[in-house]
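Peer 1: Protein sequence lines, in the order shown, are assigned to chains A and B. Start counting the first sequence at 48; every next residue gets the next number (the numbering used here). Start counting the second sequence at 48; every next residue gets the next number (the numbering used here). In this text, a Cβ means the ideal position worked out from N, Cα and C, and glycines have one as well. These numbers come from a predicted model, not from an experiment.
Protein chains: 2
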Amino acid sequence: MKVLIADDDRDLLELIAFTLSQAGFLAVKAVDGSAALTLFESEGPDLVVLDINMPGASGFKVCETIRAQSAVPIMMLTARNEEEDLVRSLELGADDYLTKPFSPRTLLARIKALLRRAGMENSGPLASGRIKLNVEDHTVQIGAAAAVRLTKLELRLLQMLLVNAGRTVGSDRLLVHIWGHRNSGDRQLLKQLVHRLRQKIEQDPSLPQILQTATGAGYKLVVE
Amino acid sequence: MKVLIADDDRDLLELIAFTLSQAGFLAVKAVDGSAALTLFESEGPDLVVLDINMPGASGFKVCETIRAQSAVPIMMLTARNEEEDLVRSLELGADDYLTKPFSPRTLLARIKALLRRAGMENSGPLASGRIKLNVEDHTVQIGAAAAVRLTKLELRLLQMLLVNAGRTVGSDRLLVHIWGHRNSGDRQLLKQLVHRLRQKIEQDPSLPQILQTATGAGYKLVVE
DNA sequence: CCGGCCTGTAACCGATTTATAACCGGGTCG
DNA sequence: CGACCCGGTTATAAATCGGTTACAGGCCGG
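1) Could you list the residues in the segment 154 to 183 of chain A with a C-beta less than 9 Å from some C-beta on chain B, going in chain order?
2) Which two residues bound the contiguous beta strand (DSSP E) that contains Gly265/A?
3) Please state if the CB of Asp79/B and the CB of Gly103/B are separated by a distance shorter than 7 Å.
4) Pull up the CB-CB distance for Val95/A and Ser175/A, whole angstroms please, since I reckon it's below 8 Å.
5) Quick check: is the beta carbon of Thr215/A nearer than 7 Å to any beta carbon in chain B?
6) Using 8 Å as the Cβ pair cut-off and three pairs as the minimum, do the segment 131 to 149 of chain A and the segment 71 to 87 of chain A touch?
7) Going by C-alpha to C-alpha distance, which of Arg177/A, His242/A, Gln69/A and Leu97/A sits closest to Asp56/A?
8) Just checking, does the segment 193 to 207 of chain A make contact with the segment 175 to 184 of chain A on the three C-beta pairs under 8 Å criterion?
9) Grab the span of the alpha helix (DSSP H) containing Gln256/B for me, first residue to last.
10) If you check the beta carbons only, do Ile99/A and Thr125/A fall under 7 Å apart?
11) Under 7 Å between C-beta atoms, does Lys199/B make it to chain A?
12) Can you tell me which of the three DSSP states Val119/B falls into?
13) On the DSSP bridge list, what partners appear for Lys159/B?
14) I need the DSSP call for Lys109/B, collapsed to helix, strand or coil.
15) What's the C-alpha gap between Ser253/A and Arg234/A?
16) Could you give the DSSP three-state label for Leu97/A: helix, strand or coil?
17) Please report how far the alpha carbon of Glu249/A lies from the alpha carbon of Gly263/A, in whole angstroms.
18) When the Cα atoms are used, what is the spatial distance from Val109/B to Arg163/B?
19) Considering only residues of the same chain and omitting the five flanking positions on each side of Leu205/A, which have a CB-CB separation below 7 Å?
20) Step through the CB atoms of chain B and report whether any lies within less than 7 Å of the CB of Thr103/A.
21) Using a Cβ-Cβ cut-off of 7 Å, state whether Ala264/A counts as contacting chain B.
22) Closer than 8 Å, Cβ to Cβ, to anything on chain B: give me those residues from the segment 138 to 155 of chain A, in chain order.
23) Report buried or exposed for Glu130/B, applying the criterion of at least 16 other Cβ atoms within 10 angstroms of its Cβ.
24) Ordered along the chain, which non-local residues of its own chain (more than five positions away) have a Cβ less than 6 Å from that of Ser68/B?
25) Taking the alpha carbon of Glu201/A as the reference point, which residue from Asp143/A, Gln246/A, Pro172/A and Lys159/A has its own alpha carbon closest?
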């Protein structure tokens, strides 16, 4: 599990990196905003920790840029008097925040919670009922049928639904989880993606048994 | 999603309640500490917002009492120069704090983050008497009957009535909660919506047993 | 360079949902 | 009585939603 950390306070940066690596994470360090963006591209981390006050590009700017292209979980770090930027970050799609000073223990707990919520805690096969999703090689197996290959987006959709198997997941949450914060008017994208996924996993795509619609609310996965 | 708000400043209380209800939350208001505790018991909110300075029982006391029996997320409100108070609050188990004055936008962002963090972003079914409202997938179940699907507006109406089950809710409050502010000529909309909802949930829509009219005042839900 | 898949975008359809208006009947009050 | 106000009902128009088909650009491997 790879975590990108960006903070211009070297001491704090090292402390966080140490804490995380002790907990089994692979820490990637950046000392300013532009470095953070470069490293984000090249390393493809599973989670990002951003300080708001940074030279180069502010954490706020970095958050916005990352969110425009990825749905990776983002945690913001903020001093007590940076309320306004914090709120802007949250509205732009940051997932959580921590106010300085904080204890390493707290940081760790929050990061784990964030990963759990994003359904990224275990990279192994994710199964529920008769649906077995193999995240590694992008395949699903339903019942005794042959495994089907999924695209990146289909995988993310099915992953989110499978984590909440049996319960309805709102369209907004799906949009954020799959694409990050693009313009929210993109119901079209979700419509398409659901349609394409149904073609692959439903016996009769016109009468969905597995990926069902909750009209006006979202979609849900029916296992067994 | 039900939120209990406790503040002895009536104006602020109303402002917060209005902000939250516009955002789709159900606001339950308390003007002092003991009222807050009573309402906490009876309403079972998903989140609590507490002012520290209150007559009756202080925010501390309330926070402590609630925490002794529940893990519900708690957000404290504090005046700017009461740093010690907020430290004490956090030690007592509050999850976050906000210093006055704050903007509604900030409050909303923080509350959303808090709910996300607590993994409570989707509240379980909201039930009272024989009525069980499943907010997630827009359905109600009454008694042993089959679940009925509701539209967005019907859901909001029933939600508001269910929170105030047994009590009459004024037409104005319903209008504001469901549509947000509109020109007041819109009694027609409410009339329609009530009618459609009755068709769905009443055994005999012409003799309403559940969604009853309080002539000249509003509507109320009879749950027994 | 070609042909495949993956993704985003648009357009169309039918169904549902929401807004607007008109009509009905009871009750109130001058 | 008759002019209202109120709530219920019916009817109809407008907007939105979800499913579907079609197509274009990007990307990648042959």
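Peer 2: In short:
1) Those residues of the segment 154 to 183 of chain A that come within reach of chain B (Cβ to Cβ, closer than 9 Å) are Arg157, Ala160, Leu161, Arg163 and Arg164.
2) Run containing Gly265/A: Gly265 to Leu268, per the beta strand (DSSP E) assignment.
3) Going by C-beta atoms, Gly103/B is nearer than 7 Å to Asp79/B.
4) That belief does not hold up - the Cβ atoms of Val95/A and Ser175/A are roughly 28 Å apart, past 8 Å.
5) Yes, because at least one Cβ of chain B sits closer than 7 Å to the Cβ of Thr215/A.
6) With the cut-off at 8 Å, the segment 131 to 149 of chain A and the segment 71 to 87 of chain A do not touch.
7) Put simply, of Arg177/A, His242/A, Gln69/A and Leu97/A the residue whose alpha carbon is nearest the alpha carbon of Asp56/A is Leu97/A.
8) The answer is yes - the segment 175 to 184 of chain A touches the segment 193 to 207 of chain A, with three or more Cβ pairs under 8 Å.
9) Neither: Gln256/B is in no alpha helix (DSSP H) and is coded neither H nor E.
10) A Cβ-Cβ contact shorter than 7 Å links Ile99/A with Thr125/A.
11) In terms of beta-carbon proximity, Lys199/B lines the interface with chain A, with at least one pair separated by less than 7 Å.
12) Val119/B: coil per DSSP, three-state reduction.
13) DSSP lists no bridge partner for Lys159/B.
14) According to the sequence displayed, residue 109/B carries Val and not Lys. Looking at Val109/B - three-state DSSP - the assignment turns out to be helix.
15) Rounded to the nearest angstrom, the two C-alpha atoms are 20 Å apart.
16) The answer is strand: DSSP assigns Leu97/A an E or B state.
17) Spanning the two alpha carbons is a distance of roughly 22 Å.
18) Rounded to the nearest angstrom, the two C-alpha atoms are 23 Å apart.
19) Only residues of its own chain outside the window of five on either side were considered, and among them Leu180, Val187, Leu197 and Leu244 have a CB closer than 7 Å to the CB of Leu205/A, listed in chain order.
20) Per the sequence presented here, residue 103/A reads as Gly, with Thr not at that position. Judged by the 7 Å Cβ criterion, Gly103/A is not in contact with chain B.
21) Yes - at least one Cβ of chain B is within 7 Å of the one on Ala264/A.
22) Here the close residues are Glu138, Asp142, Asp143 and Tyr144.
23) Exposed, by the Cβ-count rule.
24) Excluding residues within five positions, the ones whose Cβ falls inside 6 Å are Ala74 and His224.
25) Distance check between Glu201/A and each of Asp143/A, Gln246/A, Pro172/A and Lys159/A places Gln246/A closest, using alpha-carbon atoms only.
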